[in-house]
Structures are given as structure tokens and as C-alpha cells.
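For reference, the structure discussed in these notes is given below.
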Amino acid sequence: MAVLLCGGNPETVRERATDCAMSPEHVMEACRRAVEITARSDGDLAPFLQWEATPPGCLDVRVFDQAQYWVDALRVAHRIHDPQDMTDAYLYALIEFLSNHAEHMLSGYRRMQPTVAREPREWLESTSLMRGLRKEKLRRRTQAGSRDQPR
Numbered sequence: 002m003a004v005l006l007c008g009g010n011p012e013t014v015r016e017r018a019t020d021c022a023m024s025p026e027h028v029m030e031a032c033r034r035a036v037e038i039t040a041r042s043d044g045d046l047a048p049f050l051q052w053e054a055t056p057p058g059c060l061d062v063r064v065f066d067q068a069q070y071w072v073d074a075l076r077v078a079h080r081i082h083d084p085q086d087m088t089d090a091y092l093y094a095l096i097e098f099l100s101n102h103a104e105h106m107l108s109g110y111r112r113m114q115p116t117v118a119r120e121p122r123e124w125l126e127s128t129s130l131m132r133g134l135r136k137e138k139l140r141r142r143t144q145a146g147s148r149d150q151p152r
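Read in the working numbering, the sequence shown has 102 at position 101, and its numbers run on one by one without any break.
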């Protein structure tokens, strides 16, 4: 059962690595570890929370089935409900990114769940991840609005 959506733009991985001061050697080591974990698994899926089992630049599509974490191109997990970990700007950019790439995301998800028969945007908006992201965006806006109200 395929759970990885790979083959994206390697430039994204390079940019994220540069932004995070991560060396190319570190990225290659992460790829090696992911292959090693997969080889030891005897065909069983690594747990979703075992981030290092996903090679850099790939997306474990099981991310759409939960609303706690987003895992970026370098396999760094960001807690959606923690503004220190996922800033407002990152949250808004992620929602826009996913919305703009719904068709690609759904094509990857269908490899794991071939029975999904919705249109890409409808599917995306129905996922636990997107509902969680939208709920968090609303929570933050509401919280910011209440701070701006005179007392």
C-alpha cells in the first residue's frame, strides 16, 4: 500500500535545507535512514509518527488523516495548534499551498485509498488535516480579534 507522495521539486528540499542550515550531507543521511527503515520493515508500514521513515521531499499521505501535525519537506513535524511551532504565516501559506495542489495530493492519497471518489478540492476540505488547519486559522483570528477589542 503506497503512502508516500514523492517526485516533487527537489528545489523545495534544497531551499528548506538552506533555510534550516541543514547540510546536503545531512539530507543524504536522512534519505539513507529512510531506505534502511523501509528495508527492515518487511513490507509493513512504519508508524506515521516515525518521521524518519519518510525520505526528504516525500509526503506520507497519512498526514491527511489526522489534525495534529504537518510534516514538511525535510520531515520536520510542526504542531498545528502551537503558534510557536507553526506561525500564522506558515499556517496560512500551508493552507494556500494545499489548496493550490489539491489534485496532486489527491492523486497520491488515492494510491493508498483508491475508493476516494471526490473532486480534489472537496476531498481536501473533507480531510482531518485541512479541517484542523482551517479550525486553527479561525481560532487564531478569533483570539487576535478579542485581543484587539477595547476593554
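Here a beta-carbon is modelled for each residue, glycine too, at the ideal position from N, C-alpha and C.
- The residue among T88, T13, V117 with its C-alpha nearest the C-alpha of L75 is T13.
- In terms of Cβ geometry, P84 and L107 do not form a close pair [threshold 7 angstroms].
- Using a Cβ distance threshold of 7 angstroms, G133 and I96 do not count as a contacting pair.
- For T39, the CB contacts under 7 angstroms within the same chain, skipping 5 residues up- and downstream, are A54 in chain order.
- Following the DSSP letters along the chain, one finds W71 inside the beta strand (DSSP E) bounded by residues 70-72.
- Every alpha helix (DSSP H) of 4 residues or more that sits fully in the region 62-130 is shown, in chain order, as 89-101, 103-113, 121-127.
- Between R135 and D89, the CB-CB gap reaches or exceeds 7 angstroms.
- A68 is positioned such that its CB atom lies closer than 7 angstroms to that of S129.
- Cβ atoms of G58 and C7 come within 8 angstroms of each other, at about 7 angstroms.
- Put simply, of R111, G146, T116 the residue whose alpha carbon is nearest the alpha carbon of V62 is R111.
- Cβ-Cβ distances below 7 angstroms link E137 to I81, H82, L92 in the same chain, with the five nearest sequence neighbours on each side left out; the list follows chain order.
- If you draw a straight line from the Cα of P48 to the Cα of T116, it is about 22 angstroms long.
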